[in-house]
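Okay, so here's the structure we're looking at.
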Amino acid sequence: MPHFPKPAEGSWTEHYGIDTKPVSYQDSISPEHYEQERDAIFRRTWLNLGRVEQLKRVGSYFTKEIAAAGASVVIVRSGPDEYRAFYNMCRHRGNKLVWQDYPGVEVSGVCRAFTCKYHGWQFGLEGDLQFVQQEEEFFDFDKADWPLRSVRLEVWEGWIFVNFDDDAAPLTDYLGTMLRKLEGYPFHEFSQVYKYRAEVGSNWKLFIDAFTEFYHAPILHGRQAVEEESRKLAGYGYEALWYEVDGPHNVVSSWGGMSPPKDESMVKPIERKLRAGLFGPWDSPDVVPELPSGLNPANHRAWGEDSFLFFPNFMILIWERQWILTYHYWPTSHNTHIFEGTAYFVPPKNARERLTQELSMVTFVEYALQDANTLEATQTMLETQAITEFPLCDQEILLRHLHTTARQYVAEYENTKAGAQ
Amino acid sequence: MTAHAAPTLPAGFEDLQPFAEQWVLPDQRARYLARLDASMDDLQSFYDATMARIDDVLAYLEQYPVDELTDEGVNLLWLYCALCNASFPIEVWRQQRVPDSGAADWTALVLPAV
Chain X
1 MPHFPKPAEG SWTEHYGIDT KPVSYQDSIS PEHYEQERDA IFRRTWLNLG RVEQLKRVGS
61 YFTKEIAAAG ASVVIVRSGP DEYRAFYNMC RHRGNKLVWQ DYPGVEVSGV CRAFTCKYHG
121 WQFGLEGDLQ FVQQEEEFFD FDKADWPLRS VRLEVWEGWI FVNFDDDAAP LTDYLGTMLR
181 KLEGYPFHEF SQVYKYRAEV GSNWKLFIDA FTEFYHAPIL HGRQAVEEES RKLAGYGYEA
241 LWYEVDGPHN VVSSWGGMSP PKDESMVKPI ERKLRAGLFG PWDSPDVVPE LPSGLNPANH
301 RAWGEDSFLF FPNFMILIWE RQWILTYHYW PTSHNTHIFE GTAYFVPPKN ARERLTQELS
361 MVTFVEYALQ DANTLEATQT MLETQAITEF PLCDQEILLR HLHTTARQYV AEYENTKAGA
421 Q
Chain U
1 MTAHAAPTLP AGFEDLQPFA EQWVLPDQRA RYLARLDASM DDLQSFYDAT MARIDDVLAY
61 LEQYPVDELT DEGVNLLWLY CALCNASFPI EVWRQQRVPD SGAADWTALV LPAV
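Order-wise, the sequence lines are chains X and U. Our numbering applies: residue 1 is where the first sequence begins, and numbers increase by one. Our numbering applies: residue 1 is where the second sequence begins, and numbers increase by one.
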């Protein structure tokens, strides 16, 4: 007996016209398929690289290694309200332009110009070549002909996106209707940042799978609640308030009954004292006067959190208690990826609130460690191919949607390539 | 005890001073590693002592914006950040490590400054 209503078709999966047959995970264990995804997805879609607040002033920059696109990029604030992206590569002999000590390690800082370590070529914040060592030694040479190679960059609501495809549609077209309904949410208020990184031994899609269904939560994370509560939660299981898919993107909307819990004896002693837990601080900072129409799509009074997947590899979780989590999944091979989890809070008013936020972050790390290790166990077993077909339930609709979408991108790209030949 | 002076806690929290040397750590990763290194007995005594004073500590911390804390106040904040970490082995896991976390590990790329 469902606790929350489902669409007239009887299931979310059928409502969105997604097939209900058992699924194959061949797309998560095949090195060949991963190579196709790199071209069809990671070199052609808008990829999020964080927020504009990371670049505090003109000249602030950071680098990002995007193995799946075979690129290193440097993102720079080139003017008061202007951001640019370049391939992180010197125009002279191809040396990596911005790095420290280890070429593969991402860096950030502030500068007036980028100077190559090799021969001292210097590029302005707009990518223009400004200085060439012994310029007169070069042949028919005009500095204006040799700027850094730029990468498309667009900013939406303070979120920075890049795209390696010069022919791709603009970002706002790509985001579609559902995600653009988040416009107006005061993302910039959430400037207290915690960012974590983990190397995960699974295909990138499998970790997204783990975060777009909460069917696992009462079981895998059962011991995080007090014992009696844990049994109760497992008895109820999990049901979402709402699912929606829009093009390649999707959202799951959830209840928020644990923040704060109805009965404080349900949670651990330290949570009672600090008034925070996995669902974040219980007390809201009150910086969101009105929700944009994209949040709480079921318009349910028990609403607690929405998890949006910005296809392919970026998720934003927005909590009713007014804090934000983002996840990035950066593939490094068919069975490895780098996971980045970033939390954004309103800066604490006092040291007590700072401690409250700390408990939320410690709790997040505990859960993420369980999730990450489970993924490696899944990946290694899928690779044995002892079993190749898997049933997914209605609460796992977004897994079907993600894998189907990713396979469609590959199929369409392969078709276009074949057509061009 | 080493020759270094342990970080000092604010007046009124002298009873927590014995825990300062091991647990006043200004980095979340360091607090996590300290928890993995501690014995369950150490964790239990730290948890019992700090939980017994938590209402007073919260009342103290609530008086100050983070950047107006004294050095001693910052030490108290770090001590209780360590409690957040140490509470998991005591309240939930009955062991130092997250169960089934195997080879999974994490690093912090950005943490708020104090």
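We put the beta carbon where it would ideally sit given N, CA and C, even for glycine. Computed from a predicted structure; not experimentally measured.
Roughly how many whole angstroms lie between the Cα atoms of residue i and residue j?
i, j, result
"T177/X", "M315/X", "16 Å"
"A11/U", "A343/X", "34 Å"
"L83/U", "L375/X", "29 Å"
"F161/X", "S333/X", "22 Å"
"W468/X", "I208/X", "Missing from the structure shown is residue 468/X; chain X here goes from 1 to 421 and no further."
"A298/X", "F4/X", "10 Å"
"M381/X", "V245/X", "29 Å"
"A418/X", "S101/U", "45 Å"
"P103/X", "R93/X", "16 Å"
"A168/X", "Y174/X", "9 Å"
"I397/X", "T13/X", "5 Å"
"P292/X", "E320/X", "12 Å"
"R51/X", "L148/X", "23 Å"
According to DSSP, is residue i helix, strand or coil?
i, result
"K195/X", "strand"
"Y25/X", "coil"
"V110/X", "strand"
"D246/X", "strand"
"I54/U", "helix"
"L33/U", "helix"
"T2/U", "Below a pLDDT of 50, predicted positions are generally treated as unreliable, and T2/U, at 48, falls in that range; no measurement from the model is reported."
"L382/X", "helix"
"R149/X", "coil"
"A113/U", "coil"
"V362/X", "helix"
"G176/X", "helix"
"E264/X", "helix"
"Y16/X", "coil"
"E213/X", "coil"
"I387/X", "coil"
"D100/U", "coil"
"L47/X", "strand"
"L369/X", "helix"
"P5/X", "coil"
Quick one: using the 10 Å Cβ neighbour count with 16 as the cut-off for buried, is residue i buried or exposed?
i, result
"D371/X", "buried"
"P22/X", "exposed"
"D48/U", "exposed"
"M40/U", "exposed"
"K268/X", "buried"
"E271/X", "buried"
Please state if the CB of residue j and the CB of residue i are separated by a distance shorter than 9 Å.
i, j, result
"S259/X", "G280/X", "yes"
"Y215/X", "V155/X", "no"
"L278/X", "F141/X", "no"
"P348/X", "Q192/X", "yes"
"L295/X", "W303/X", "yes"
"N203/X", "I29/X", "yes"
"G127/X", "S150/X", "yes"
"R197/X", "E65/X", "no"
"V66/U", "V114/U", "yes"
"S360/X", "D306/X", "no"
"K205/X", "L402/X", "yes"
"Q130/X", "G120/X", "no"
For a contact meaning CB atoms closer than 9 Å, what does residue i contact in chain X?
i, result
"L36/U", "Chain X residues near L36/U: none, gap ~12 Å exceeds 9 Å."
Using a Cβ cut-off of 7 Å, pull out every chain X residue sitting near residue i, in sequence order please.
i, result
"P7/U", "Here the premise fails: no neighbours, minimum Cβ distance about 16 Å."
"L111/U", "Y194"
Does the distance between the C-beta of residue i and the nearest non-hydrogen atom of the ligand FAD fall short of 8 Å?
i, result
"K232/X", "Absence of the ligand FAD from the depicted structure is noted, as is the absence of any ligand whatsoever, leaving it without description."
Given that residue i touches chain U, what residues does it touch there, using C-beta distances under 7 Å?
i, result
"R352/X", "L58, L61, E62"
"E424/X", "With chain X covering only 1 through 421, there is no way to say anything about residue 424/X."
"P348/X", "V66"
Just to make sure I have the definition right: I need the residues of chain X whose C-beta is within less than 8 Å of the C-beta of residue i. Which are they?
i, result
"A103/U", "G201, N373, E376"
"T107/U", "Y196, R197, A198"
"M51/U", "P269, I270, K273"
"V24/U", "Those within 8 Å of V24/U in chain X number zero; the least Cβ separation is about 14 Å."
Can you name the residues of chain U whose CB is closer than 9 Å to the CB of residue i?
i, result
"Q379/X", "Those do not exist, as Q379/X stays about 12 Å from chain U at its closest Cβ, beyond 9 Å."
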